[in-house]
Each structure stands twice: as structure tokens, then as C-alpha cells.
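For any residue, its number in the working numbering is found by taking its place in the sequence shown, counting from 1, and adding 1281.
Don't be surprised by glycine CBs; every beta carbon is placed ideally from N, CA and C.
These numbers were taken from a predicted model, which means no experiment stands behind them.
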Amino acid sequence: MIIGYYAVFNYNYYKKIKYGISINFPDVEGAYTCADNIENGKKFAKEVLELVTCDLKVKDLPKVSTIKEIQLNSNEEIYWIEYETTESEVERF
């Protein structure tokens, strides 16, 4: 089973501090991280998404917003982040 959500990458502090990209998942409460570049941002976003959703029952996973429903500021970009879980992991819930 593939679990995926949109992540918003905010570049407000990108040039000001070492870990200048703040990352959040609008649909997933408590899923926040940061990174120093986009490549690491995608990696860290996947890790935090797995951590926050791994104990949720499939029926309790948050609804995924459409890309049009997510409002971005001029200093933000959106990326689709997903991970795959095995059938046995899904069945335990």
C-alpha cells in the first residue's frame, strides 16, 4: 500500500540559516521537519511522514487534499511525498 501526502517547502529562511527550508504536511497533524536543501528535504519529509502515520489505522489516515486545495505563498513549493508499506503492516491495523 502506498501512503502519500503533499508537503509544503517554505524557503523564508533558506539563505539566512543552515537548515533554512521548513517543511510541513497540511493534511497530517504534527508532521514537520526542516532541511538544508531540496534533496534532503524530500528525504526528511518521507521519514517524518512515516513516523507520524505508522501507528494510524488505515481508516484513520487523514484525507488527502488536492493540490488545488493547498494554498501556497510566493516563497513555497509543494512536493508529493510517499512511502510504501507492506500488506502485513497494513493488516495489523
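Local Cβ density within 10 Å of residue i, reported as buried at 16 or more and exposed below that
{"i": "Asn1375", "result": "There is simply no residue 1375 to check, as the chain begins at 1282 and stops at 1374 in what is shown."}
{"i": "Val1339", "result": "exposed"}
{"i": "Thr1347", "result": "exposed"}
{"i": "Gly1322", "result": "buried"}
{"i": "Cys1315", "result": "buried"}
{"i": "Ile1359", "result": "exposed"}
{"i": "Thr1367", "result": "exposed"}
Same chain, Cβ closer than 7 Å to residue i, five either side skipped, listed in chain order
{"i": "Tyr1364", "result": "Ile1284, Lys1327, Leu1330, Glu1331"}
{"i": "Phe1374", "result": "Residue placement at Phe1374 cannot be trusted, given a pLDDT of 48 that sits under 50; what the coordinates show is reported in the next sentence. Correct list, in chain order: Lys1338, Val1339."}
{"i": "Leu1353", "result": "Val1289, Ile1359"}
C-beta atoms of residue i and residue j nearer than 8 Å
{"i": "Tyr1292", "j": "Ile1362", "result": "no"}
{"i": "Ala1312", "j": "Val1289", "result": "no"}
Three-state secondary structure (DSSP) of residue i
{"i": "Val1289", "result": "strand"}
{"i": "Asn1321", "result": "helix"}
{"i": "Glu1357", "result": "strand"}
{"i": "Phe1374", "result": "Note that Phe1374 scores a pLDDT of 48, beneath 50, so its modelled location is shaky; the value from the coordinates is reported in the next line. In the structure shown, Phe1374 sits in coil (DSSP, three-state: anything other than H, G, I, E or B)."}
Residues near residue i in its chain [Cβ-Cβ closer than 8 Å; skip 5 each side]
{"i": "Lys1344", "result": "Asp1308"}
Spatial neighbours of residue i in its chain, beta-carbon cut-off 6 Å, leaving aside the 5 residues before and after
{"i": "Ile1319", "result": "none"}
{"i": "Phe1325", "result": "Thr1314, Ala1316"}
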